[in-house]
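Asker:
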Amino acid sequence: MGERRTFVLTDAMHDVWVEDFAVDGASLEPEALRGCMVSKRRLRGGRRDGVDLIRVETGGIAFEVVPTRGMGLWRASLGGDRVGWDSPTKDGPIHPAYVQPHDLGGIGWLEGFDELMVRCGLMNNGAPFREGDATHPLHGRIGNIPAWYVAVHVDLEPPHAITIEGRVAESFLFGGGVELTTTYTTTPGSNAVTVRDEFANVKDQPVDMQILYHWNFGPPHLEEGSRFAAPLKTVVPRNPRAVEGLAAYDAYGPPEPGFVEQVYFCELHAEGGKTAAMLRNRAGDKAVALRYGVDGLPCFSLWKNTGGLRDGYVTGLEPGTNYPNPRPFEKERGRVVTIPVDGRHVAETTLEVLAGRAAVAALEAEIARIQAQGEPVVHPKSSEPFAG
Amino acid sequence: MGERRTFVLTDAMHDVWVEDFAVDGASLEPEALRGCMVSKRRLRGGRRDGVDLIRVETGGIAFEVVPTRGMGLWRASLGGDRVGWDSPTKDGPIHPAYVQPHDLGGIGWLEGFDELMVRCGLMNNGAPFREGDATHPLHGRIGNIPAWYVAVHVDLEPPHAITIEGRVAESFLFGGGVELTTTYTTTPGSNAVTVRDEFANVKDQPVDMQILYHWNFGPPHLEEGSRFAAPLKTVVPRNPRAVEGLAAYDAYGPPEPGFVEQVYFCELHAEGGKTAAMLRNRAGDKAVALRYGVDGLPCFSLWKNTGGLRDGYVTGLEPGTNYPNPRPFEKERGRVVTIPVDGRHVAETTLEVLAGRAAVAALEAEIARIQAQGEPVVHPKSSEPFAG
Amino acid sequence: MGERRTFVLTDAMHDVWVEDFAVDGASLEPEALRGCMVSKRRLRGGRRDGVDLIRVETGGIAFEVVPTRGMGLWRASLGGDRVGWDSPTKDGPIHPAYVQPHDLGGIGWLEGFDELMVRCGLMNNGAPFREGDATHPLHGRIGNIPAWYVAVHVDLEPPHAITIEGRVAESFLFGGGVELTTTYTTTPGSNAVTVRDEFANVKDQPVDMQILYHWNFGPPHLEEGSRFAAPLKTVVPRNPRAVEGLAAYDAYGPPEPGFVEQVYFCELHAEGGKTAAMLRNRAGDKAVALRYGVDGLPCFSLWKNTGGLRDGYVTGLEPGTNYPNPRPFEKERGRVVTIPVDGRHVAETTLEVLAGRAAVAALEAEIARIQAQGEPVVHPKSSEPFAG
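Protein chains in written order, with the working numbering: chain S, 1 to 388; chain Y, 1001 to 1388; chain B, 2001 to 2388.
Encoded structure:
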């Protein structure tokens, strides 16, 4: 790695916290950084009061990261196109102080849910479940834990990577034990951002962990006639409701108030360990894609929730270490990661935003090529108890 | 509407938030506004840290609104008389971060309860109840949701209305779906403030809603010998404890440590759709009154809680869409509002503070005139299961 | 009391809050105060965002108090020796907004637990328990309630006491009813700090209260070969696991990942109402001691949790009004304090940090002298249901 400028915005353990920050690429030496900007501010008022927000502009993709909400990716855009969705939680990003995870039988997490990408984990993800006296709330805790460390890195040498780094600890006496170190990396003019996460065991005993990346897309990438594509090995409908939509699991309808969500649990083929999943619009001239390694993220869940526009018209493309079933169920099936002492689990995903028929068609061809390894096996009914 | 000055103090979605604000009527053109003042500050320290508070002075009534606590009305005064009560929560207004609604079996809302008027709702109000895996906490969530929009309006033309406007959203994926737009309006020198609430359905499906206005009064309006008056159509004691006090339901005793609360569910007569309920002191020279339309607020609950002065010596006059029973019970009896798509429910209440025997007697006469429509039917025992 | 300088840092009810504060002893008249410093700052970033922290330096002991976390004692040091422990919650002190007491079946308190001394109470302490519909969470609420009043006092006359005062209210309608007024007092160059707590009934009815002081020590005072010493009257192992360690209840092993905690419930002999408990290192040249009156704190719990260094290698010396069993169980045995109307309960504990063999040996001799009143009665098995 060549020369690099680093700006530490938060290091809680050393009393570092920067309220307002901006670095304009034009102020740095390399010409290539002109038009790039990284800024940070603290939001004020309403339920976003006290939330730190980092904005990255590259001339190509622009995106916003929320250290206060577990380093989630709030939203992105490319050209005029928004990447994300319209949550009924419209005044976000919501400060964790206003989220009651145990509200509503353990689904209070939804009160703050409005991100393009939110991590679900790390002690559990998926639906709430009871374990002895404890209820583990929907999608766990990491999305509502502020990062204790945040830094911005700008490489002064090509390809001039711009990186947002954050560290989030989910660890306490008798529980947790994992620290996430995440980096969001992009380059000037890029149409992509790569999220690389290291989950380190910070205890002296092996620690169980689950992670699911809840990527959420609405218009303009989601619309009537949009299609999902990925090199599918297997598709399992989660429950009878998902079975109803099985014939068209990869196609989307228009906003439909009262639509009940459908979820499909998938395995994907990979090439050299890498795979890709995409959502394209009807015309086939706009798409979003996730590229990632199946070693770190062997499970893929497709969430279709094409309700009314104001109810949350959205689809989730969700790579994970597991499916969003209760942890004990996943554990039995070997879908919970155990990180050894001093060990770590790594997962890396790249979000690409594609514009134009050529780019979309090229990715579709690439997916088709991987799919050539074998036809998808589509299970006609829920194969698992929690899927039923 | 004539010329009007507007000051936006919070618009979270557009990054507007004003930490300190004051407009002195003397700085505005109309002579009538002299002696009026609207100011806003952020409280610091203890459990009020981070709470925004707006103070309105008119030369007559003065009052304080708390955007951070769902636009509740913290307290008011007229002349030397406080309007409100002394809560054992003495270090309020309490920031929602310190309220655990699910504490103590779902009554943790009480930890922050100290307002002159707090809204109870919107997904539910009344006692906590189970619905499947979910517990709905006492008096719902709206009282602990900060307003995402707050503005001050001052009319430059007579009658020079001074208005505090706030918007509070209780909406998220798979839940809620109502946005409150409230205005508190008064005029220079007035002895009254009018609270007008619009509850808008912000989803693409019909949404159920409950609202109860928990108006709370202690000394000097509440004392031994104080009386409650309203044009009563029916009075139903909530439970056997309330039956014990039925013979003197409209009279108040002295502070009595260990006193167990008594609640009466009432219907009120109205004239031209409007009714009035009042609490007057023993001498009949001080009173507080609520005037409101029974269309928007068909139910009235009277809460008598004359415990020790330091335990909470207080009575609640509580107009609502329903009685504070579990929502399913109220729903069965048609006392839950269903707001259609793009629809709204409106409720308007005016608090009047009366000083002097003449003013008090005039209101008593007005209530007596409405009461002339028919004698109150007082049920000798609890007529409903949840009342028993 | 002679002349005294007082600095009020927080008085929430009167809008007093000081963001940054420092008084250097050198700026005050008495020579003896040179080298002393009291400072206060607000922490920013991560989960400590918004936490107020007070630091006291005396030239001897230094310590930090956290008003935002119930006036807990975060950590201390003397010379080069840290007094405290390494919690897996490493980014503390944690703001109460990030603690969910009802998480994990009621042990969410642990998410913020990292103090040298944290108060457990006041409505309950010990393990979570159900009481009707309510779950009372582990160790109660006081540790997560911010102080509404904070002041620094410096005596200008010998012995130049330096005092941090704080008031924390645990009181609301239908619950709580106790206000803590605490003072942390030390003197220039001292090796000790005295914590004096007054628990006042602020209601008009008798109020039940429990308090347990959770003092927690790790290296260098805790290491393989460290010993616990106190003039023991009785020792009761909490459960079969504690019975396993009974033969060496006063000795400590090395960090041992997977070690399951052991707890011993003790009564202590006293002399003139005072007793002392200590933890010394293997070499016997470093120790920490607690001196306190057994009237206010008749129960003593010893918590041994010698897990891995990164899991929480720690022992707790815990004087209290009771043992950390569910309150109803303690109530039956007369171990719940009932504070009468206008009454108060007082508890005072002095932490001493001892360096050098002579000082350690002297305290051991003192404890042995008190122990001479009678041999400890060590119960061979759990004598109580909750201990089983």
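Backbone N, C-alpha and C fix where the C-beta goes; we use that ideal spot for every residue, glycine too.
Would you say B/V2066 touches the ligand MN, meaning its beta carbon is less than 6 angstroms from a heavy atom?
Answerer: Absence of the ligand MN is noted for the structure shown, with no ligands found whatsoever.
Asker: Pick helix, strand or coil for S/E170, following the three-state DSSP scheme.
Answerer: If DSSP states are grouped into helix, strand and coil, S/E170 belongs with the strands.
Asker: Would you decide whether S/E375 is buried or exposed? Buried here means 16 or more other CB atoms lie within 10 Å of its CB.
Answerer: Flag for S/E375 reads exposed.
Asker: If you scan the stretch 2295 to 2322 of chain B from start to end, which runs of the beta strand (DSSP E) of 3 or more residues do you find wholly inside it?
Answerer: Listed in chain order, they are 2299 to 2306 and 2313 to 2320.
Asker: Which residues in chain C have a C-beta closer than 8 angstroms to the C-beta of B/T2006? List them in chain order.
Answerer: The structure shown contains no chain C; its protein chains are S, Y and B.
Asker: Quick check: is the beta carbon of S/A62 nearer than 7 angstroms to any beta carbon in chain Y?
Answerer: S/A62 does not count as touching chain Y.
Asker: Report yes if the C-beta distance between B/G2059 and B/P2231 is below 7 angstroms; otherwise report no.
Answerer: Contact flag unset, no.
Asker: Say whether chain S places a C-beta atom closer than 7 angstroms to the C-beta of Y/K1203.
Answerer: Yes, Y/K1203 lies at the interface with chain S (some Cβ there is under 7 angstroms from its Cβ).
Asker: Using the Cβ count rule (16 or more neighbours within 10 Å means buried), how would you classify B/H2014?
Answerer: B/H2014 comes out exposed.
Asker: Does DSSP put S/N216 in a helix, a strand or coil?
Answerer: Correct three-state label for S/N216: strand.
Asker: Throw me the rounded Cβ distance for the B/E2170 and B/M2123 pair, which I believe falls under 8 angstroms.
Answerer: Their Cβ separation, rounded to whole angstroms, is 7 angstroms, which keeps B/E2170 and B/M2123 in contact under 8 angstroms.
Asker: Please tell me whether B/W2303 and B/G2293 are closer than 7 angstroms, where the distance is taken between their beta carbons.
Answerer: Taking 7 angstroms as the Cβ cut-off, B/W2303 and B/G2293 do not qualify as a contacting pair.
Asker: Below 7 angstroms between beta carbons: does that hold for S/G45 and Y/W1017?
Answerer: In contact: S/G45 and Y/W1017 (Cβ atoms closer than 7 angstroms).
Asker: Should Y/D1091 go down as buried or exposed, given a rule of 16 or more other Cβ atoms within 10 Å for buried?
Answerer: When all chains shown are included, Y/D1091 counts as buried.
Asker: Would you check if the distance between the CB atom of Y/L1110 and the CB atom of B/F2113 is smaller than 7 angstroms?
Answerer: No, they are not a contact pair.
Asker: Between the C-alpha atoms of S/E256 and Y/R1167, what's the straight-line distance to the nearest angstrom?
Answerer: The alpha-carbon atoms of S/E256 and Y/R1167 are separated by roughly 27 angstroms.
Asker: Ignore the nearest five residues each way along the sequence and tell me which others in B/L2028's own chain have a CB closer than 8 angstroms to its CB.
Answerer: So the list reads R2005, V2154 and L2156, once near-sequence residues are dropped.
Asker: For a test of the three-state rule: what should DSSP assign to B/G2343, helix, strand or coil?
Answerer: Looking at B/G2343 - three-state DSSP - the assignment turns out to be coil, as it is neither helix nor strand.
Asker: Please identify the residue among S/N281, S/V337, S/P328 and S/E330 whose C-alpha is closest to the C-alpha of S/V314.
Answerer: Looking at the Cα atoms, S/N281 is the closest of the given residues.
Asker: For Y/L1053, which of Y/G1140, Y/A1076, Y/P1328 and Y/S1301 has the nearest alpha-carbon?
Answerer: The residue with the shortest Cα to Cα distance from Y/L1053 is Y/A1076.
Asker: Quick one: is B/H2136 near chain S, going by C-beta distance under 7 angstroms?
Answerer: No, no contact with chain S.
Asker: If you reduce the DSSP assignment to three classes, tell me which class B/P2376 lands in.
Answerer: Three-state result, B/P2376: coil.
Asker: What would DSSP say about S/A387, mapped onto helix, strand or coil?
Answerer: Note that S/A387 scores 43 on pLDDT, short of 50, meaning its location in the model is unreliable; the coordinates nonetheless yield the value given after this. In this structure, S/A387 counts as helix in the three-state DSSP scheme.
Asker: Would you call the stretch 241 to 252 of chain S and the stretch 333 to 349 of chain S touching, i.e. three or more CB-CB distances under 8 angstroms?
Answerer: As far as the Cβ criterion goes, the stretch 241 to 252 of chain S does not touch the stretch 333 to 349 of chain S, which means the pair count is below three.
Asker: Mind pulling the chain Y residues with CB within less than 7 angstroms of B/F2174?
Answerer: Ordered by position in chain Y, the residues that pass the 7 angstroms Cβ test against B/F2174 are L1110.
Asker: Excluding the 5 residues flanking Y/V1038 on each side, which residues of the same chain have their C-beta closer than 6 angstroms to its C-beta?
Answerer: Counting only Cβ-Cβ distances below 6 angstroms, and skipping sequence neighbours, we find V1023, V1056 and V1152.
Asker: In whole angstroms, what is the alpha-carbon distance linking Y/G1273 and Y/R1130?
Answerer: One C-alpha to the other measures close to 35 angstroms.
Asker: Measuring alpha carbon to alpha carbon, tell me which of B/L2354, B/E2366 and B/G2307 ends up nearest B/D2086.
Answerer: Of the listed residues, the one whose Cα sits closest to B/D2086 is B/G2307.
Asker: Leaving aside the five residues before and after Y/E1198 along the sequence, list all residues of the same chain whose C-beta is less than 6 angstroms from its C-beta, in chain order.
Answerer: Only T1181, R1344 and V1346 meet the Cβ criterion.
Asker: Indicate the three-state DSSP secondary structure (helix, strand or coil) for S/Q210 in the structure shown.
Answerer: S/Q210 falls in the strand class under three-state DSSP.
Asker: Check the Cβ-Cβ distances between B/D2311 and every residue of chain S, and say whether any is below 7 angstroms.
Answerer: Taking Cβ atoms only, chain S reaches closer than 7 angstroms to B/D2311, which makes this a yes.
Asker: Which of the three DSSP states, helix, strand or coil, is assigned to S/L104?
Answerer: Of the three classes helix, strand and coil, the one that applies to S/L104 here is helix, per DSSP.
Asker: Let me confirm a value: Y/Q1262 is counted as buried when at least 16 other C-beta atoms fall within 10 Å, else exposed. Which label applies?
Answerer: Flag for Y/Q1262 reads buried.
Asker: Sorted by chain position, which residues of the same chain lie with C-beta nearer than 7 angstroms to S/P206's C-beta, five sequence neighbours on each side aside?
Answerer: Same-chain partners within the cutoff: T338, I339, P340 and V341.
Asker: Once DSSP output is grouped into helix, strand and coil, what is the label at Y/M1071?
Answerer: Three-state result, Y/M1071: coil.
Asker: Which one or two residues does DSSP pair with S/E64 in a beta bridge?
Answerer: S/R55 and S/R75.
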